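Numbering (numbering that gives the first Met the number 0), first residue to last: 0 to 933.
Ideal placement from N, C-alpha and C gives every residue a C-beta, glycine not left out.
All of these numbers come straight from a predicted model, not from anything done at the bench.
Have a look at the structure below, then the notes.
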Amino acid sequence: MTVEFGLLGTIEMRVDGRPADAGHLRQRCVLAALLVDANRVVQLDELIDRVWADRPPQRVRGTLHGYLSRLRGTLEGTADDVRIVRRSGGYVLEADVAAVDLHRFRELVGQARTAGDEAAAMLMGRALELWRGEPFAGVDTPWFCDLRQTLERERLSAELDHTDIRLRSGLHGELLPALTDRVARHPLDERVTGQFMVALYRGGRASDALACYHDLRRRLAEELGIDPGEPLQRLHQHILTADPVLTLPKPEPTPHTGAHTPVPRQLPSRPGSFTGREHQLAALSKALDSAGEPRGTVVISAIGGSGGIGKTWLALHWAHDNIDRFPDGQLYIDLRGFDPSGEPVTPAAAVRGFLDALGVDSGSVPVDVQAQIGLYRSLVEGRRMLIVLDNAADAEQAAALLPGSATCTVLVTSRRRLSGLTSAHGARMLTLDVLTDSEARELIHRHLGKGRTAAEPRAVAALLDHCAGLPLAISVVAARAAAHRDFPLALLAEDLKDESARLDALDAGDLTSSVRAAFTLSYRALTVGTAEVFRLLGMTPGPEIGLAAAGSLVARPAAAVRMALRELENAHLVRQSVPGRYRLHDLVRLYAAERAGRDQPEESRQRAMRRLTDFYLHTAYAGDRILSPMHHQSLELGLPSDGSSVESLSGQEEVLAWFRAEHDCLLAAQRLAAEQGWDTPVWQLAWVLDGFLWRQGRLHDHVTLWRTGLAAAERLGMANMRARAHRRLGHVCARAGDHDDALEHTRLALAFAEEAGDIAEQARVHDVTAWAWAKQGDDRQALTHVRHTLRLQRMAEDPLAEANALNAVGWYEARVDNYEQALAHCEQSLALHRRHAFPDGEACALDSLGYIAHSSGRHARALTYYRQAHSLFQRLGNNYEEANTLAHIGDVHHALGQHDQARQMWQEAADLYQAQHREDDAKQLRDRLRTLKT
0 MTVEFGLLGT
10 IEMRVDGRPA
20 DAGHLRQRCV
30 LAALLVDANR
40 VVQLDELIDR
50 VWADRPPQRV
60 RGTLHGYLSR
70 LRGTLEGTAD
80 DVRIVRRSGG
90 YVLEADVAAV
100 DLHRFRELVG
110 QARTAGDEAA
120 AMLMGRALEL
130 WRGEPFAGVD
140 TPWFCDLRQT
150 LERERLSAEL
160 DHTDIRLRSG
170 LHGELLPALT
180 DRVARHPLDE
190 RVTGQFMVAL
200 YRGGRASDAL
210 ACYHDLRRRL
220 AEELGIDPGE
230 PLQRLHQHIL
240 TADPVLTLPK
250 PEPTPHTGAH
260 TPVPRQLPSR
270 PGSFTGREHQ
280 LAALSKALDS
290 AGEPRGTVVI
300 SAIGGSGGIG
310 KTWLALHWAH
320 DNIDRFPDGQ
330 LYIDLRGFDP
340 SGEPVTPAAA
350 VRGFLDALGV
360 DSGSVPVDVQ
370 AQIGLYRSLV
380 EGRRMLIVLD
390 NAADAEQAAA
400 LLPGSATCTV
410 LVTSRRRLSG
420 LTSAHGARML
430 TLDVLTDSEA
440 RELIHRHLGK
450 GRTAAEPRAV
460 AALLDHCAGL
470 PLAISVVAAR
480 AAAHRDFPLA
490 LLAEDLKDES
500 ARLDALDAGD
510 LTSSVRAAFT
520 LSYRALTVGT
530 AEVFRLLGMT
540 PGPEIGLAAA
550 GSLVARPAAA
560 VRMALRELEN
570 AHLVRQSVPG
580 RYRLHDLVRL
590 YAAERAGRDQ
600 PEESRQRAMR
610 RLTDFYLHTA
620 YAGDRILSPM
630 HHQSLELGLP
640 SDGSSVESLS
650 GQEEVLAWFR
660 AEHDCLLAAQ
670 RLAAEQGWDT
680 PVWQLAWVLD
690 GFLWRQGRLH
700 DHVTLWRTGL
710 AAAERLGMAN
720 MRARAHRRLG
730 HVCARAGDHD
740 DALEHTRLAL
750 AFAEEAGDIA
760 EQARVHDVTA
770 WAWAKQGDDR
780 QALTHVRHTL
790 RLQRMAEDPL
800 AEANALNAVG
810 WYEARVDNYE
820 QALAHCEQSL
830 ALHRRHAFPD
840 GEACALDSLG
850 YIAHSSGRHA
860 RALTYYRQAH
870 SLFQRLGNNY
880 EEANTLAHIG
890 DVHHALGQHD
900 QARQMWQEAA
910 DLYQAQHRED
920 DAKQLRDRLR
930 TLKT
């Protein structure tokens, strides 16, 4: 079955040409919002904003999921190649874009604008026939209204292009009725008026054409206080003088001088120190090879990337390597899209240069720019030529210079992502990233010679580390080193070591060889709001940032932040490491921070950093309440700063995914808060991150977290805070094998808990002290302390805390071979945890029961308990205890003589231990595995 979607009118779906039910209007809005970005992820918040804007229903996510479920059911029943799929953070509608009238319209218009007049007229006519009325008729949310206006402008532009083509074809008589109506609807549009005047003049109505001009001139003066533009004034003068330029041209031979057509050779010289980029060079060649012979469309490759990344070098290196494939010539122009010395090259100036290179006499060049472009396309028609459009400002500038002939190949480079060339002209996007380590090393070898670099390998490694794979930075460093051949490279590496002066060190003295200047050109092209987002991103403490965190950083709504990040991504100043997470190159980050220090007031910077810290703190707190509901009974957070939000998280899996994604950023936020002297959030961040790090077994990070948190608690001076910080640090130290520190911290924790009169905290300290003794092999000391814990928890009347204490008592009773009492205490613990629906405690009790069963010879029962515990630990994301339980399961299999199963469990446990840097545990299991094999 063939499915088609209509957006250029009412929102509709047709199956095999017949209307199909896509639901009520709001459900069809959801469909349309996904179809507009077909095959691209639409984030959940953005989808809600598109459909409901500021009027969402209660339980909006549930409502949206219901609509999506019904739409999925409708689509699954009609076609296999159309489906709605959940992706990270949002949804994507996967479909052939040709099935959506909006995308088909844009594709046809793009094809028409690169074709000759006859084909263009047909293509443009087919595009305009797709319109059935007002786009998204009946929908009134701001996003749809803005998009509707954009599409109406695109439609008018296409109609005007179509009219130009038909005027050139002598169809002015047929056009007069439509132009009369269009002038009435767009009385101030000079292009519409100009077309009407040409049609009137060529129809023998020169006086009406002049009257039309005077009417527009009067309107512009009265309503806007301006005169008509130069093109319309020139047309008016042509009509007054009956200039032959307005006469329809007669077919003439190709306007060249001389006996033969010249072959242009405009490529600049081959880059001297180019290295690497093998995959990208192969991709450019593959694009040309895969087009086949004969080709139906122009092969266009759009090379994108940040300033200094090597776009032009790649284009020119490939062009010279493949020059024999373009025997009819190569055209090249620097479009100066980001030139600090002036404006970008206009299409008129660019095409005039091409016409000169193609040997057109100045007297044969048409006056009208569109006619010049048409002549250029005619001259390259059928010729095997390469056209390099370097440093394009945007897709529109490049599109005007695209040939219509499929025999031509085009390379476009730009600092912006030229998505318009992809959607409208089928361009293949090739985005350059930094050089690999081996490519960077080879580049500096080529610049300085392997003898010099081999003499100072450490200095070279430091230089490359500071350049972070940016080709321009490496070239600047090499130029400085070459200018002082007697100076050791270590001196230059020392210059680059200071981050605050690194961009100064990467300046060779002119605009083309300065990293700062390269970034400045991209920065100046940003809109004002996006420039501020860029500056603040440079100050963020983590290696990357998520969309929600960025929203708090800049105190703007998600839609506005997403738009700014998209602009930065299009300018190659940020990149998405994974969907929804944004990262700056190290040198770009330094530049952004430098601009923030210069252009952003100190108070504004401080507020932004506090908003970001509050976002991480409050979202982590909300997430940890889901992971560890017992953990926060006495932790109170104030309100987040104005403009800071809390990301909505639901369910353990989503919470764990968020913590994993934000792990480095959360630790960096704590370091930032410590540097700023914000002691309360420093201590609170340690508390809310504790549960996640405990589950993950990240011991180094965990110790660092609590050492920083303890220092803040000491400065705050409150006994209860100091007790908790010492207790948690003691627990982590015991886990990391630092037993003396563990016992010292628990001693101090107990003293502060007693000073604060906190019975529950005293119980928790005894529990940790027991664990610290057990890690040293003294289970009887441990049992003494957990019995104190049980007594105190019963006094505190906390059933879940009592359940944990019962399990601890049972565990240590089993460790001293008192299995009967151990079984009773652990079964009581399991019952309490299940009664209060606390799966963390349930998993620990099951693990203890598994140990008791195994130790008392009931191996089958032990496997049942352990497997239940393992399933829960895995579901909870508790990697630390998951590894332990896998090792225990292996022990039981070994006791049963099931060596293959034991080997599998021990190997899985050893892998987890290794990932958690638990070297001693991993070594013990590897030793047992070797023994098992022998």
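Nearest candidate by alpha-carbon position, reference residue i, set the options
i    : options                   : result
E812 : R790, S847, V514 and Y620 : S847
A210 : L239, A220 and I322       : L239
G545 : A656, S499, L495 and E601 : A656
L583 : Q827, S305, A314 and H744 : S305
E936 : S206, D242 and R190       : With the chain covering only 0 through 933, there is no way to say anything about residue 936.
G450 : P470, G5 and P487         : P487
A852 : R814, V182, A198 and G708 : R814
L429 : S300, V476 and L495       : S300
V808 : D778, R125 and R13        : D778
E45  : A19, Q575 and G579        : G579
G468 : A711, L199, G309 and L187 : G309
R181 : W810, Q194 and G172       : Q194
H787 : P55, D766 and L357        : D766
Short Cβ contact (8 Å threshold) for residue i with residue j
i    : j    : result
L101 : V35  : yes
D839 : L789 : no
R165 : L159 : no
Q915 : Y865 : no
A672 : L684 : yes
E531 : V553 : yes
N38  : V91  : yes
Y66  : Q26  : yes
R414 : F518 : no
R131 : L7   : yes
A762 : A773 : no
M720 : Q675 : no
Reduced DSSP category for residue i - H, G, I as helix; E, B as strand; rest coil
i    : result
L510 : Below a pLDDT of 50, predicted positions are generally treated as unreliable, and L510, at 49, falls in that range; the measurement from the model is reported next regardless. Correct three-state label for L510: helix.
L648 : coil
D180 : helix
V411 : strand
Q599 : coil
P798 : helix
L742 : helix
L845 : helix
H568 : Residue identity check: residue 568 is Glu in the sequence provided, not His. Helix.
R721 : helix
L127 : helix
R574 : strand
R294 : Any reading at R294 must be qualified, since the residue scores a pLDDT of 46, below 50, and its modelled position is unreliable; no value is offered.
T140 : coil
T253 : Low confidence applies to T253: its pLDDT is 42, below 50, so where it sits in the model is not reliable enough to give any reading.
R264 : strand
R929 : helix
A258 : Annotation note: pLDDT 41 at A258 (below 50); position unreliable, no value reported.
D737 : coil
Rounded Cβ spacing between residue i and residue j (contact assumed at less than 8 Å)
i    : j    : result
L315 : A349 : Their Cβ separation, rounded to whole angstroms, is 18 Å, which puts L315 and A349 out of contact at 8 Å.
F4   : A98  : 6 Å
H424 : T192 : Not really, about 30 Å apart at Cβ, beyond 8 Å.
H446 : S272 : 6 Å
T9   : G137 : 7 Å
Continuous beta strand (DSSP E) assignments of at least 3 residues falling wholly in the stretch 186-242: none
query: Considering only residues of the stretch 619-707, which uninterrupted alpha helix (DSSP H) runs meet the minimum length of 4 residues and lie entirely inside it, listed in chain order?
result: Here the runs fully enclosed are 651-675 and 678-695.
field: Complete runs of the alpha helix (DSSP H) confined to the stretch 861-925 [at least 4 residues]
entry: 878-894 and 898-914
query: Counting only runs that start and end within the stretch 1-70, where is the alpha helix (DSSP H) found for 4 or more residues in a row?
result: 24-35 and 43-51
task: Report the residue ranges of all beta strand (DSSP E) runs contained in full by the stretch 497-546; include only those spanning at least 3 residues, in chain order.
output: Segments of the beta strand (DSSP E) lying fully in the stretch 497-546: there are none.
task: Please specify which runs of the alpha helix (DSSP H), each continuous and at least 4 residues long, are wholly inside the stretch 82-138, giving them in chain order.
output: If we require 4 residues or more, the alpha helix (DSSP H) runs fully inside the stretch 82-138 come out as 100-111 and 116-128.
- request: Just list the alpha helix (DSSP H) runs in the stretch 465-493, keeping only unbroken ones of 4 residues or longer that don't cross its boundaries, in chain order.
  value: 470-482
field: 4-residue-minimum alpha helix (DSSP H) runs that sit fully inside the stretch 364-415, ordered along the chain
entry: 368-379 and 394-398
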